[in-house]
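Read the structure below first, then the notes.
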Ligand SMILES: Cc1ncc(COP(=O)(O)O)c(C=O)c1O
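Residue numbers (this note's numbering): 595 to 972.
Shown next, in the form of structure tokens:
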């Protein structure tokens with residue numbers, strides 16, 4: 595087979611002695627210290643003489659490490675004692691089914707309320723419709739998912755089993771900043787793209803879930819944080835591997851877990867602790883996002899997608915006023931080692947994903963490139 599390999603920006607950056615700044619929405623940039631530790635310890639997990647990939651999940655060493663990561667998440671997020679932390683297969687999409695399978699049965703009407711804020715909430719809605727009744731109580735579809743819609747307390751039907759929302763909309767660049775208070779029913783949040791990026795009051799939620807591949811590490815597992823009183827109501831046909839009560843009973847070791855993912859998650863959570871925890875993550879996130887939104891707001895060359903007060907700190911989505919310049923923008927960014935900036939297919943344009951591991955220097959480099967590109971093409 596004759597394949598021509600384009601030299602990647604990452605290669606160029608490596609030759610220059612640095613890594614590319616990777617703005618990928620996920621799998622996403624990891625802290626360099628974590629990657630180095632993975633590299634260093636890959637062949638020998640805790641002195642066992644075998645790699646983490648080769649050891650039993652029932653070995654004392656693995657079980658202790660899995661319990662450590664769960665403790666780290668509990669302490670980082672301030673998860674109250676009456677919540678269980680589970681590791682589940684299948685990433686965010688699996689939870690789109692697992693959540694209704696486990697929670698629809700909380701009330702006889704089997705009704706889930708959903709807030710539609712973009713492609714991933716839509717996907718969650720479609721999957722939930724297989725398992726019960728779904729009512730979309732608010733949507734920002736009519737304004738192109740540029741905001742988080744308002745919800746009124748009167749919409750929170752107490753006969754519903756739960757309310758589902760997506761805390762950060764990765765493709766559209768919007769984020770919830772004020773979660774509903776005192777909801778009369780269990781509030782469920784898909785935090786796949788902003789978990790451990792800021793403090794949240796876990797006690798407001800009945801259940802939080804997140805795929806690991808953004809702020810928590812690498813793909814293969816989702817973390818589920820669930821209040822104990824919501825366990826034990828799974829619908830009759832729930833596969834055992836998705837039954838949260840069974841997972842809680844067996845400390846998520848009902849079958850072979852994604853051992854590598856869980857190990858990396860432990861290293862990532864330890865790194866977040868060492869950096870100072872979630873307040874520090876939030877300060878950094880605000881600082882990073884501000885650098886890019888300042889460029890977007892000034893000069894008129896770039897156009898942000900999201901309404902001002904709803905703009906995500908994790909995914910900055912924008913386009914160029916002259917969209918014919920987009921390919922050139924992306925190609926020149928790549929040449930400078932600023933990679934993976936192409937917008938989500940449903941949205942187009944540019945998306946800069948700025949998760950916890952993105953150094954400020956990376957965002958400064960992107961902001962400088964944006965100003966320079968605008969200066970040359972404006
Ligand atoms: C907010 C959100 N939810 C769900 C998903 C789906 O996750 P997965 O690809 O692990 O199924 C994503 C993926 O990017 C996401 O950003």
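Idealized CB from N, CA, C, for every residue including glycine. The structure presented is a predicted model; accordingly, all values stated were derived computationally and were not measured.
Distance CB(residue i)-CB(residue j) smaller than 8 Å
i, j, result
"residue 761", "residue 949", "no"
"residue 657", "residue 649", "no"
"residue 771", "residue 782", "no"
"residue 679", "residue 819", "yes"
"residue 913", "residue 897", "yes"
"residue 694", "residue 738", "no"
"residue 817", "residue 858", "no"
"residue 756", "residue 829", "no"
"residue 956", "residue 615", "yes"
"residue 682", "residue 832", "no"
"residue 899", "residue 941", "yes"
"residue 938", "residue 945", "yes"
"residue 691", "residue 721", "yes"
"residue 742", "residue 734", "yes"
"residue 618", "residue 968", "no"
"residue 796", "residue 663", "no"
"residue 919", "residue 971", "yes"
"residue 881", "residue 954", "yes"
"residue 846", "residue 622", "no"
Opening and closing residue of the alpha helix (DSSP H) in which residue i lies
i, result
"residue 922", "920–929"
"residue 885", "872–891"
"residue 759", "That residue, residue 759, is in no alpha helix (DSSP H); its beta strand (DSSP E) goes 756–760."
"residue 626", "626–635"
8 Å contact criterion, which residue i and residue j should meet: CB distance rounded
i, j, result
"residue 806", "residue 855", "6 Å"
"residue 647", "residue 809", "Not confirmed; about 23 Å, so no contact."
"residue 866", "residue 670", "6 Å"
"residue 860", "residue 659", "6 Å"
"residue 801", "residue 824", "6 Å"
"residue 710", "residue 728", "The pair is not a contact, with the Cβ atoms about 10 Å apart (cut-off 8 Å)."
"residue 626", "residue 613", "7 Å"
"residue 864", "residue 666", "6 Å"
Range covered by the beta strand (DSSP E) that runs through residue i
i, result
"residue 965", "It is not in any beta strand (DSSP E) - residue 965 instead sits in the alpha helix (DSSP H) that spans 954–971."
"residue 862", "Per DSSP, residue 862 belongs to no beta strand (DSSP E); it is in the alpha helix (DSSP H), 853–869."
"residue 714", "Careful: residue 714 lies outside any beta strand (DSSP E), inside the alpha helix (DSSP H) at 713–722."
"residue 801", "801–805"
"residue 727", "727–733"
"residue 947", "944–947"
"residue 750", "Here residue 750 belongs to no beta strand (DSSP E), and DSSP marks it neither H nor E."
"residue 897", "896–898"
"residue 910", "909–914"
"residue 783", "780–784"
Using a Cβ distance threshold of 8 Å, determine whether the stretch 764–773 contacts the stretch 902–910, with at least three qualifying pairs required. yes
Entirely enclosed beta strand (DSSP E) segments - the stretch 643–706, minimum 3 residues: 677–683
Can we say the stretch 883–894 touches the stretch 958–972, given the rule of at least three CB pairs closer than 8 Å? yes
On the three-pair Cβ rule with 8 Å, is the stretch 706–721 touching the stretch 859–876? no
Starting from the N-terminal side, write out each stretch of the beta strand (DSSP E) that is 3 residues or longer and does not extend beyond the stretch 805–847. 815–821
I'd like to know if the stretch 698–714 and the stretch 746–753 are in contact, where contact means that at least 3 CB-CB pairs between them fall below 8 Å. yes
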